[in-house]
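S.K.:
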Amino acid sequence: MKPLSVSKYIKNNKKSYITSIIAIALSIILGYGVECFIESIAESSYSSQVKPLEKAFTVTKTNDKEISLEYVDKLKKSDFVEKLITTKISYIKYSTQGSVSNVRIFSILPEDRDYFMKKYDITLEKGCLPEEGQKEIAIDERVATNNNVSIGDSLGDSKIVGVLSSEYFLSLSSYSSTFDEVSRYKDISKDDLIKNEMVIFPKDDKRDDLDELIKGFSKKDINYSILSEGMEKYQSGTASSKQILDALFVLIVIVMVVTLSSSKYAQFINRKIEFGILNALGYSRGMLMKRALKEVLIFNLSGFLVGIILGVATSFIVTKAAFTDVGAIGVFISIKGIVISLLTPAFTALFTLIPIYRVLGRLDAITIIEEG
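See the structure below:
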């Protein structure tokens with residue numbers, strides 16, 4: 001003997017089946033969307049603030065004194081350093097959902113520019129690169145979108161002449177903004193220029209060693225930006241907001257699990273007569289439990305699949321409007337979101353089946369049929 005097929009039950013109870021799927025799908029759409037929103041904030045912040053430090057570090061002078069010759073020599077002679085580049089660093093405002101920060105504009109000498117762009121995989125998408133002796137800037141395309149500027153517009157007192165593309169949110173400006181500066185810098189050696197600000201590119205597989213070396217320099221003498229320090233600031237800066245949003249996600253899961261489990265349990269309780277008749281016809285409690293298990297799994301799996309598909313589509317629309325369209329990074333495919341979304345159908349199934357098992361354990365077919 002086999003209990004009535006689950007497919008036949010679903011066919012005869014389409015409304016109940018669809019209602020269950022919609023309820024589970026909605027909870028997954030909401031939870032998955034929250035996770036994608038969290039990841040979009042984190043990814044945008046990391047890529048604009050920390051990711052550039054994966055390729056190179058910066059050392060700059062303090063307000064009252066240049067970088068000492070001792071530090072310059074240590075870096076030049078270090079086996080961890082591939083190249084030191086003279087630079088001047090300025091910043092431009094960059095706003096995303098939940099945060100306002102600054103991204104870097106590097107002023108690089110013409111002879112070092114190709115190396116710098118190659119290391120950061122920067123390509124010129126439109127326009128041209130800044131010309132020495134002019135107040136010009138080639139801006140990162142996402143930063144341009146974020147600030148609603150394009151070629152021909154002014155950024156401060158600099159004119160935008162080009163648009164760059166890279167994953168590091170970096171812009172380039174001319175090292176000398178006037179012809180007088182061009183002439184003056186020609187008379188100054190690179191060794192003297194580098195005492196103000198420098199970019200330090202580590203050798204392959206020596207980044208962590210260089211990080212440790214620079215970390216040993218005194219912050220009283222110089223300012224530096226290294227990956228380990230950047231990661232600490234990033235983690236401390238995003239920890240509180242991520243905790244709040246993660247707590248919201250967990251709350252959503254708990255509320256939906258309790259609601260859905262109660263609803264499904266009530267549906268099964270209302271079918272006591274059906275189970276009583278089946279039991280009287282010879283179907284064992286184990287067979288009835290197996291049928292209940294199949295129903296719950298099919299309902300929940302269907303809801304999960306529909307929820308994930310619609311969750312990805314909804315997250316794409318939301319993150320595109322909230323992040324991508326304003327020059328940030330929108331995440332709409334989240335492995336973590338998919339894994340966490342499994343909690344809703346998994347716990348719903350668990351908290352539905354436990355009370356059903358108890359009900360079937362106390363099943364008295366004769367009494368149920370007589371009462372029905």
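In terms of this note's numbering, the sequence shown opens at residue 1 and continues consecutively. The C-beta atom is built at its ideal place from N, Cα and C for all residues, glycine as well.
1. To the nearest angstrom, how far is it from the Cα of V257 to the Cα of T145?
2. For S177, which option in S44, S7, Q134, Q235 has the closest C-alpha, if you only look at C-alpha atoms?
3. Around the C-beta of L213, are 16 or more other C-beta atoms found within 10 angstroms, so that it is buried, or is it exposed?
4. Please say whether I151 and V163 have beta carbons closer to each other than 9 Å?
5. Pairing CB atoms from the region 79-95 with CB atoms from the region 188-205, are three or more of them under 8 Å?
6. To the nearest angstrom, how far is it from the Cα of A25 to the Cα of G311?
7. Tell me whether M1 sits in a helix, a strand or coil according to DSSP, three-state version.
8. Restricting to Cα atoms, I'd like to know which of K219, I89, S7, V318 is closest to C36.
9. Looking only at DSSP bridge pairs, what is T62 linked to?
10. Just confirm the distance between the C-beta atoms of I92 and I108, as a whole number of angstroms; I'd bet it's less than 8 Å.
11. Can you say whether K2 is buried or exposed, counting buried as having 16 or more other CB atoms within 10 angstroms of its CB?
12. Check whether the Cβ atoms of D221 and S68 lie closer than 9 Å to each other.
13. What residue range does the alpha helix (DSSP H) around D319 cover?
14. By how many angstroms is the C-alpha of Y168 removed from the C-alpha of K55?
15. For K8, which option in V339, K294, L350, F304 has the closest C-alpha, if you only look at C-alpha atoms?
16. Kindly indicate which residue of V34, S171, F323 has the alpha-carbon position closest to the one of L248.
17. Going by CA-CA distance only, name the one from F347, E125, V72, G330 that's closest to L193.
18. Rounded to whole angstroms, what is the Cα-Cα separation between K51 and V253?
19. Helix, strand or coil: which one does DSSP assign to L353?
20. Residues in the same chain with beta-carbon distance under 6 Å from T96, minus the five sequence neighbours each way, listed in chain order, please.
21. Nearest to E131 by CA position, among K118, D121, P110, is which residue?
22. Pick out whichever of S99, D211, F347, F316 has its Cα sitting closest to the Cα of V81.
23. Exposed or buried, which one is S173 when buried takes at least 16 other CB atoms within 10 Å?
24. Roughly how many whole angstroms lie between the Cα atoms of D112 and Y175?
25. Reducing DSSP to helix, strand and coil, say where F80 ends up.
26. Could you give the residue range of the alpha helix (DSSP H) that holds S44?
27. Extract the residue ranges of the beta strand (DSSP E) inside the region 204-239, only unbroken runs of 3 or more that lie entirely within it.
28. So, at 8 Å on beta carbons, what are the nonlocal neighbours of L155 in its own chain, with the 5 sequence-adjacent residues on each side left out?
29. Just to confirm, are S334 and Y46 a CB contact at a threshold of 9 Å?
30. Label A23 either buried or exposed according to how many other C-beta atoms from any shown protein chain fall within 10 Å of its C-beta, with 16 as the threshold for buried.
31. Whole angstroms is fine: what's the gap from D64's alpha carbon to T314's?
32. Around the Cβ of I407, are there at least 16 other Cβ atoms within 10 angstroms (buried) or fewer (exposed)?
33. Going by other Cβ atoms of all chains shown within 10 Å of its Cβ, with 16 needed for buried, is V161 buried or exposed?
34. Going by C-alpha to C-alpha distance, which of S166, S101, D114 sits closest to E125?
35. Measuring alpha carbon to alpha carbon, tell me which residue in F316, G330, A321 is nearest I29.
36. Output needed for P202: all residues of its chain with C-beta closer than 7 Å, excluding positions within five of it in sequence on either side, in chain order.
M.R.: Taking the coordinates as given:
1. Going by the C-alpha atoms only, they are around 41 Å apart.
2. For the options S44, S7, Q134, Q235, the alpha carbon positioned closest to that of S177 is the one of Q134.
3. Buried is the call here.
4. Taking 9 Å as the Cβ cut-off, V163 and I151 qualify as a contacting pair.
5. The region 79-95 is in contact with the region 188-205.
6. In a straight line, the C-alpha of A25 is about 8 Å away from that of G311.
7. Note that M1 scores a pLDDT of 42, beneath 50, so its modelled location is shaky and nothing firm can be said.
8. Ranking K219, I89, S7, V318 by Cα distance to C36 puts V318 first.
9. Paired residue(s): none; T62 is not in a bridge.
10. Incorrect: roughly 16 Å between the Cβ atoms, too far for contact.
11. At K2 the pLDDT is 49, less than 50, meaning the model places this residue with poor confidence and gives no usable figure here.
12. In contact: D221 and S68 (Cβ atoms closer than 9 Å).
13. It is Thr, not Asp, that sits at residue 319 in the sequence shown. For T319, the enclosing alpha helix (DSSP H) has its first and last residue at 285-322.
14. Distance between the alpha carbons of K55 and Y168 is about 9 Å.
15. Relative to the Cα of K8, the nearest Cα in the group V339, K294, L350, F304 belongs to K294.
16. Considering only alpha carbons, the answer is V34.
17. Taking only the C-alpha atoms, the option nearest L193 is V72.
18. Using only the alpha carbons, I get a separation of about 33 Å.
19. Three-state DSSP puts L353 in a helix.
20. So the list reads S44, A328, once near-sequence residues are dropped.
21. Per the C-alpha coordinates, the member of K118, D121, P110 positioned closest to E131 is P110.
22. Ranked by how close their Cα comes to the Cα of V81, the residues S99, D211, F347, F316 have D211 in first place.
23. Within 10 angstroms of the beta-carbon of S173 lie 16 or more other beta-carbons, which makes it buried.
24. Spanning the two alpha carbons is a distance of roughly 11 Å.
25. F80 sits in coil when the DSSP states are folded into three classes, being neither helix nor strand.
26. If you look at S44, you'll find it in the alpha helix (DSSP H) that goes 14-49.
27. Here the runs fully enclosed are 222-225.
28. Hits under 8 Å: I92, I137, I139, N147, V149.
29. Against a cut-off of 9 Å, the Cβ pair of Y46 and S334 comes out as no contact.
30. The residue is buried, with at least 16 neighbouring Cβ atoms inside 10 Å.
31. Linking D64 to T314 through their CA atoms gives a straight-line distance of about 53 Å.
32. There is no way to answer for residue 407, as the model of the chain reaches only from 1 to 372.
33. V161 is buried by the Cβ-count criterion.
34. Closest option to E125, Cα to Cα, is S166.
35. The residue with the shortest Cα to Cα distance from I29 is F316.
36. So the qualifying residues of the chain are F80, V81, E82, L210.
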